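Chemist: Before we start, here is the structure in question, set down as structure tokens.
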Amino acid sequence: METLKAEKKDTKKKTAIRITGAEAIIHCLLAEGVDLIYGYPGGAIMPVYDELYKFQDRLTHILTRHEQGATHAAQGYARVSGRVGVAMATSGPGATNLVTGIADAQIDSTPMVCITGQVARHLLGSDAFQETDIVGISTPVTKWNYQITRADEIPEIMAKAFYIARSGRPGPVLVDITKNAQFDELDFVYEKCTGVRSYKPAPKPDMGAIEKAAELINNAKKPYIVFGQGVILGEAEEELKALVEKAGIPAAWTILGLSAMDTDHPLNMGMVGMHGNYGPNVLTNECDVLLAIGMRFDDRVTGNLETYAKQAKVIHFEIDPAEVNKNVKVDVAVLGNAKQTLELLLPLVNKNEHKEWVAEFEKKRQIEYDTVIDKDIYPTKPGLTMGEVIEQINVASGHKAVIVSDVGQHQMIACRYAKFKQTKSNITSGGLGTMGFALPAAIGAKMGAMEREVVAIIGDGGYQMTIQELGVIFQHNLPVKIVVLNNDHLGMVRQWQELFFERRYASTVMTNPDFVKIAEGYHIKARRVVERSDLKEAVEEMMASKDPYFLEVRVEKEDNVFPMVPTGASISDILLK
Amino acid sequence: MEKEWFTISVYSENHVGLLNRISGIFLKRHINIESLNVSKSEIEGVSKFTIVIFSTEDWAIKIVNQIEKQVEVIKAYYHTDEETIYQESALFKIASALLFDERQIQNIIKEHHSQIVTVSREFFVLAKTGRRHEIDEMHEALEPYGIMQFVRTGRIAVSKAAMPITNLLAEFQNQ
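For the record, the sequence lines run as chains A and B.
Counting in the working numbering, the first sequence runs from 1 upward without gaps.
Counting in the working numbering, the second sequence runs from 1001 upward without gaps.
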């Protein structure tokens, strides 16, 4: 017979207090160290908002102008700070408006707890006003979710929610709370969750696998590292750098791995993937040992799997066993938290340099510089490029800013050219590709790192998807710097139409409003740049501003992002133009 | 890779909504669930899902990994038909008059080793437990005489090899 408890708990005795479910939720948040949440009130969550009013000295609630903004803000906050982001909404449309952000957090492994109000228990299933089955709707896009229908469930479920969201491979958790559970009283005691019986956050490192990995690395002539966000989430940046330097291995990053390693490090070779750098893509198919660290072989990274790194022995350092052999068959799987596994690997790795191999990357870098990069960031022909704007921001920020990008051409350009010295500095919607992510995410990023400069880089399309969040920036005078790279098009889709749909620009041309006036409507200092000669000074003015600042840069309307791996092509066939 | 029958066994906490989460994993990959059974397991408080799919081993592995990733899942396994002992059950509702009018019906009951569950003036009910093809054969034999109602359960299966859930639970507890 099993007599084991389903949940392991901290056994210290605490005395209970008699409070309502709504107040209990606040105490749970405080006990988890939460001092900031994003959300939007409504009928079914009103008891909790009433308590938020009473606790406003200890818990700040930021009213976003749309619930989607609350999730992206919570994501931005989580990504810069490494803490759990919290978003709150009412039932029905409030809850469904969270779904895009939840899906984004799920695919990009962002720790987030979403709390939604729900109609009272006796109304469940009756199609009551603002009733929606958010637990059913959010199941495929949450790491875990739960509907609380009794006040006394609140402390245990909230503790579990935070534990699950931040442990192992992080992810979003949704807790739906019926209105009766918010009104009813309970004897409140909070115990932090330290384990859930059926849940294994991170596999224990296996020395056998680590020894095999070390042997492959030590015998490799052309070893190559591709790292992802697992390095940032696992806080393994130092260990990664130590491995790269000790074994002399060139390293490249996936879009979410960006900023885990100084972009100017001599062995940091750039980005892999569809619009990544030339060398890192082509040489993936020439290395003899590929170390994939905290990345998941997304299709945008691998291109055609049939031709991806077939010549290489692949070592996968991964916390989530379900990712191993999912897309790419690996020779050695090193399961576990990247910090732990790399720490164990380091002493087994021989000191080495691979000069000729590293020189291959340098050669390819030069080719890409001459054909693409130079023209992108130091253009001489008329018409501003996105690349030169990013380069000006690099110069003005000294590579120290947090860069939050939206989705599309400007995102690829920002990630290709932005320079970083510090980790957790590149915030973008990688897996889901959510247009409208950047403006609210920049709000969260700023509030998660008030001491840092936060620059949002957004296209004219994505900007208009969540433009209402300017209201938050204005209301709280958040010194976020907003740069809209305006080409009057949905640029990335237009690029594909140009290349693969014979220039039939179906619904990608936009007649835009006066963005400067809109920003000014929110009392945000705003400026428009149309000439190259004004760019440097405008970027400097923006970066020097102590207040929020909006900068619109009118860029070339029909520029394309290169290099490019067309869908379904091999990464070896990356196009330089 | 060749497609074959796999029985997926999932040990989990008894949690509302887990069925939805697990079935979503199949749905997302367009893998049809051929049969599904949820019951208690040999361990108190632990549920067992028995899911049958017709797929490649590669997909069976990926599915099992995705299932195991769910917070409330303790452990998931996949087995081929050779690696399991499995059965299904079926009920046949048949008009009572046939018992007297059609002598062959009595032979069918005997030949297929089925049991009479109940007999009333209007109908009688036969139960049959066995492999799917055995139930299919009985269905075929009875069909010409008219079946008023037919229903079959999902597969239930035990593996020949051990599924050491109790040990796993103890390990979790000691972590």
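Think of the CB as a built atom: it goes at the ideal place given N, C-alpha and C, for glycine as much as any other residue.
All values derive from a computational prediction rather than experimental measurement.
With burial defined as no fewer than 16 other Cβ atoms inside 10 Å of the residue's Cβ, what is the status of lysine 5/A: buried or exposed?
Modeler: Residue numbering aside, residue 5/A sits at position 5 when the first sequence is read from its first letter. Residue confidence is low: lysine 5/A scores 44 on pLDDT, short of 50, so the model does not pin down where it sits. No coordinate-derived value is stated.
Chemist: When DSSP labels each residue in this structure, what does threonine 466/A get in the three-state scheme?
Modeler: For the purposes of this step, residue 466/A is taken as the residue at position 466 of the first sequence. Coil.
Chemist: Looking at the structure shown, is serine 1114/B part of a helix, part of a strand, or coil, going by DSSP?
Modeler: On the second sequence, residue 1114/B is found 114 positions in, with the first residue counted as 1. Coil, per DSSP.
Chemist: What did DSSP end up calling aspartate 176/A once you bin it into helix, strand or coil?
Modeler: For the purposes of this step, residue 176/A is taken as the residue at position 176 of the first sequence. Of the three classes helix, strand and coil, the one that applies to aspartate 176/A here is strand, per DSSP.
Chemist: Candidates Gly436/A, Ala220/A and Ala396/A: which alpha carbon is nearest asparagine 97/A's?
Modeler: Mapped onto the first sequence, residue 97/A falls at position 97. Out of Gly436/A, Ala220/A and Ala396/A, Gly436/A has the C-alpha closest to the C-alpha of asparagine 97/A.
Chemist: Please tell me whether proline 140/A has its Cβ less than 7 Å away from any Cβ of chain B.
Modeler: For the purposes of this step, residue 140/A is identified with residue 140 of the first sequence, where counting begins at 1. It does: the Cβ of proline 140/A has a partner Cβ on chain B nearer than 7 Å.
Chemist: Within the continuous alpha helix (DSSP H) that includes isoleucine 373/A, where are the two ends?
Modeler: Counting from 1 along the first sequence, the entry for residue 373/A is found at position 373. It is not in any alpha helix (DSSP H) - isoleucine 373/A carries neither H nor E in the DSSP assignment.
Chemist: Step through the CB atoms of chain A and report whether any lies within less than 7 Å of the CB of phenylalanine 1172/B.
Modeler: Counted from its first residue, the second sequence places residue 1172/B at position 172. By this cut-off, phenylalanine 1172/B is an interface position.
Chemist: Tell me which residues of the region 314–335 of chain A have at least one Cβ-Cβ distance to chain B shorter than 9 Å, keeping chain order.
Modeler: Asp320, Pro321, Ala322, Glu323, Val324, Asn325 and Lys326
Chemist: Does the region 1157–1173 of chain B come into contact with the region 1006–1025 of chain B, if we say contact requires no fewer than three beta-carbon pairs (one atom in each stretch) closer than 8 Å?
Modeler: Yes, the region 1157–1173 of chain B is in contact with the region 1006–1025 of chain B.
Chemist: Would you kindly check if the distance between the Cβ of alanine 401/A and the Cβ of glutamate 451/A is under 7 Å?
Modeler: Within the first sequence, residue 451/A is the residue found at index 451, counting from 1. Within the first sequence, residue 401/A is the residue found at index 401, counting from 1. Going by C-beta atoms, glutamate 451/A is not nearer than 7 Å to alanine 401/A.
Chemist: Since tyrosine 77/A and leucine 36/A should fall inside the 8 Å C-beta cutoff, what is the C-beta to C-beta distance between them, to a whole number of angstroms?
Modeler: As a first step, residue 77/A is located in the first sequence; it is residue number 77 there, counting from the start. As a first step, residue 36/A is located in the first sequence; it is residue number 36 there, counting from the start. Contact holds; Cβ gap of about 7 Å.
Chemist: So, does the CB of arginine 1029/B fall closer than 7 Å to a CB anywhere in chain A?
Modeler: The residue labelled residue 1029/B in the question sits at position 29 within the second sequence. No - not a single Cβ of chain A is within 7 Å of the one on arginine 1029/B.
Chemist: Return no unless some Cβ of chain B is closer than 7 Å to the Cβ of arginine 121/A.
Modeler: As a first step, residue 121/A is located in the first sequence; it is residue number 121 there, counting from the start. It does not: the Cβ of arginine 121/A has no partner Cβ on chain B nearer than 7 Å.
Chemist: Give a yes or no on whether the minimum CB-CB distance between arginine 150/A and chain B is below 7 Å.
Modeler: Stepping through the first sequence from its first residue, residue 150/A is reached at position 150. Chain B, which has no Cβ nearer than 7 Å to the Cβ of arginine 150/A, makes this no.
Chemist: Quick one: is glycine 1154/B near chain A, going by C-beta distance under 7 Å?
Modeler: If you number the second sequence from 1, residue 1154/B lands on position 154. Cβ-Cβ to chain A under 7 Å: no for glycine 1154/B.
Chemist: Using a threshold of 7 Å, state whether the C-beta atoms of isoleucine 457/A and histidine 399/A are closer than that.
Modeler: By one-based count along the first sequence, residue 457/A stands at place 457. By one-based count along the first sequence, residue 399/A stands at place 399. Going by C-beta atoms, isoleucine 457/A is not nearer than 7 Å to histidine 399/A.
Chemist: Taking only the alpha-carbon atoms, compute the straight-line gap between lysine 14/A and glutamate 23/A and give it to the nearest angstrom.
Modeler: Stepping through the first sequence from its first residue, residue 14/A is reached at position 14. Stepping through the first sequence from its first residue, residue 23/A is reached at position 23. C-alpha separation (whole angstroms): 18 Å.
Chemist: At what residues does the alpha helix (DSSP H) containing threonine 100/A begin and finish?
Modeler: Taking the first sequence and counting its residues from 1, the one referred to as residue 100/A is at position 100. Where threonine 100/A is concerned, the enclosing alpha helix (DSSP H) stretches over 99–107.
Chemist: Under the rule that 16 or more other beta-carbon atoms within 10 Å means buried, what is threonine 11/A, buried or exposed?
Modeler: Taking the first sequence and counting its residues from 1, the one referred to as residue 11/A is at position 11. Only weak support is given to the placement of threonine 11/A: the predicted model assigns it a pLDDT of 49, under 50, and the question is left unresolved by the model.
Chemist: Starting from the Cα of isoleucine 427/A, find the closest Cα among Asp376/A, Arg79/A and His27/A and give me that residue.
Modeler: The sequence position of residue 427/A within the first sequence is 427, counting from 1. Per the Cα distances, Arg79/A.
Chemist: Quick one: is glycine 168/A buried, meaning 16 or more other Cβ sit within 10 Å of its Cβ, or exposed?
Modeler: Residue mapping note: residue 168/A aligns to position 168 of the first sequence, counting from 1. With 16 or more Cβ atoms within 10 Å of its Cβ, glycine 168/A is classed as buried.
Chemist: So with CB distances below 7 Å, who are the chain B contacts of glycine 136/A?
Modeler: Within the first sequence, numbered from 1, the residue matching residue 136/A stands at position 136. Those are Asn1020, listed as they occur along chain B.
Chemist: In whole angstroms, what separates the C-alpha of glutamate 2/A from that of glutamate 1044/B?
Modeler: Reading the first sequence from its first residue, position 2 is the one you call residue 2/A. Reading the second sequence from its first residue, position 44 is the one you call residue 1044/B. At glutamate 2/A the pLDDT is 36, less than 50, meaning the model places this residue with poor confidence and gives no usable figure here.
Chemist: Leaving out the 5 sequence neighbours to the left and right, which residues in its chain are closer than 6 Å to glutamate 1137/B when beta-carbon positions are compared?
Modeler: For the purposes of this step, residue 1137/B is taken as residue 137 along the second sequence, with counting starting at 1. Around glutamate 1137/B: no qualifying Cβ.
Chemist: Would glycine 279/A pass as a contact of threonine 254/A if the rule is Cβ separation under 7 Å?
Modeler: Here residue 279/A corresponds to residue number 279 of the first sequence, with the count starting at 1. Here residue 254/A corresponds to residue number 254 of the first sequence, with the count starting at 1. Between glycine 279/A and threonine 254/A, the C-beta spacing is not below 7 Å.
Chemist: Count the other C-beta atoms from every protein chain shown that fall within 10 angstroms of the C-beta of threonine 466/A, then say buried if there are 16 or more, exposed otherwise.
Modeler: Within the first sequence, residue 466/A is the residue found at index 466, counting from 1. Classification for threonine 466/A: buried.
Chemist: Rounded to a whole number of angstroms, what is the C-alpha to C-alpha distance between lysine 444/A and glycine 1154/B?
Modeler: The residue given as residue 444/A occupies position 444 in the first sequence. The residue given as residue 1154/B occupies position 154 in the second sequence. Residue 444/A is actually glycine in this sequence, not lysine. Near 49 Å, if we compare the C-alpha coordinates of glycine 1154/B and glycine 444/A.
Chemist: Please report how far the alpha carbon of isoleucine 403/A lies from the alpha carbon of glycine 33/A, in whole angstroms.
Modeler: For the purposes of this step, residue 403/A is taken as the residue at position 403 of the first sequence. For the purposes of this step, residue 33/A is taken as the residue at position 33 of the first sequence. Going by the C-alpha atoms only, they are around 26 Å apart.
Chemist: Is the shortest distance between the beta-carbon of lysine 1069/B and the beta-carbons of chain A less than 7 Å?
Modeler: Within the second sequence, residue 1069/B is the residue found at index 69, counting from 1. Interface residue, yes.
Chemist: Would you identify the three-state DSSP class for threonine 341/A, choosing helix, strand or coil?
Modeler: The sequence position of residue 341/A within the first sequence is 341, counting from 1. It is helical.
Chemist: Quick check: is the beta carbon of isoleucine 961/B nearer than 7 Å to any beta carbon in chain A?
Modeler: In this structure chain B extends from 1001 to 1175, so residue 961/B is not present and cannot be described.
Chemist: Going by alpha carbons, who is nearest to tyrosine 38/A out of Gly270/A, His61/A and Gln56/A?
Modeler: Counting from one through the first sequence, the residue named residue 38/A turns up at place 38. Tyrosine 38/A has its Cα closest to that of His61/A, out of Gly270/A, His61/A and Gln56/A.
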